[in-house]
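Colleague:
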Amino acid sequence: MEGFHKMQDDLERVIEKEDTSSTVTTGSDCEETLKHGPLTVRQRLDAIIHSHKFQVGIIVLVVFDILLVLSELLFDLEIVRLEGSHQETVPEVLHYCSIFILSLFLIEIGLRIFVMRLSFFTHKLELFDAVVVIVSFVLDVVFRNRQDAASGVGLLVILRLWRVARILNGIVLSVKRQAEKKIEREKHMHEACEQELTKFRSYCTSLESEIESLHRLLKQHGIQYSEKVEKRP
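Take 45 as the starting number for the sequence shown in my numbering and just add one per residue.
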């Protein structure tokens, strides 16, 4: 009976492992924290800037920035006209909003350099992204006067569109990285299940040999019994 109780306890442990499989990511993060100590500022920033939500937020800002530039173009070409002082005020507000968003992008580039350090300059896409942001910021400052804006607004729009393509690629890489982590996690779980299965097979084999010895003992003493246990498939 003790053997059967032990087997039941093992089965309960396996069920508990399956119930907690949905929280494997959190558990692994906690274990890693315990092993390597608390996360540093660089590690936390790295997790943030490479997260899916952060990439989507950057995309939203880039699209909003493109809309601001296109709106400026409509005012500069006098396709859209406003009455009174709004004709000068609204385009100027849009332009400074665009510069503010580009300032946020410059901060983002600075954070990436802080996190990645020298490896930042070995990634061509990261360098391209930084060049696009810096050139866009410089052009926005240079063409802050509406008289010169029409000559450079086309380049500004193209640079923004290139950055959208760059960040979309970053989102794809982020999703790919998450999928690879999930596959690796499932692989470890599969290996753990294989080990559990091997252990229970060995345990069942020992139980079968014990049952066979008990059957022989019963036959030796002439005790009648009915065998209702199904054979192993």
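Backbone N, C-alpha and C define an ideal beta-carbon position, used for all residues, glycine too.
Please report the Cβ distance between residue 157 and residue 149, rounded to the nearest whole angstrom; I am assuming they are in contact, meaning their Cβ atoms lie under 8 Å.
Modeller: With a Cβ gap of about 13 Å, residue 157 and residue 149 do not count as contacting.
Colleague: Taking 8 Å as the threshold, find out whether the segment 136-152 comes into contact with the segment 94-113 through three or more Cβ pairs.
Modeller: The segment 136-152 vs the segment 94-113: in contact.
Colleague: Is residue 138 helix, strand or coil when you go by DSSP?
Modeller: The answer is helix: DSSP assigns residue 138 an H, G or I state.
Colleague: Excluding sequence positions up to five away, which residues of its chain have a Cβ less than 6 Å from the Cβ of residue 112?
Modeller: Excluding sequence neighbours, residue 112 sits near 138, 141 and 142.
Colleague: Put residue 95 into one of helix, strand or coil per three-state DSSP.
Modeller: The answer is coil: DSSP assigns residue 95 none of H, G, I, E or B.
Colleague: Put residue 233 into one of helix, strand or coil per three-state DSSP.
Modeller: Looking at residue 233 - three-state DSSP - the assignment turns out to be helix.
Colleague: Can you tell me whether DSSP reads residue 133 as helix, strand or coil?
Modeller: Helix.
Colleague: The alpha helix (DSSP H) with residue 185 in it runs from where to where?
Modeller: Run containing residue 185: 168-186, per the alpha helix (DSSP H) assignment.
Colleague: Express the C-alpha separation of residue 230 and residue 87 in angstroms, rounding to a whole number.
Modeller: Cα to Cα, residue 87 sits roughly 24 Å from residue 230.
Colleague: Which of the three DSSP states, helix, strand or coil, is assigned to residue 121?
Modeller: Looking at residue 121 - three-state DSSP - the assignment turns out to be coil, as it is neither helix nor strand.
Colleague: Assuming residue 19 and residue 155 form a contact by the criterion Cβ under 8 Å, report the distance between their Cβ atoms to the nearest whole angstrom.
Modeller: No statement about residue 19 is possible, as the shown extent of the chain runs from 45 to 277 and does not include it.
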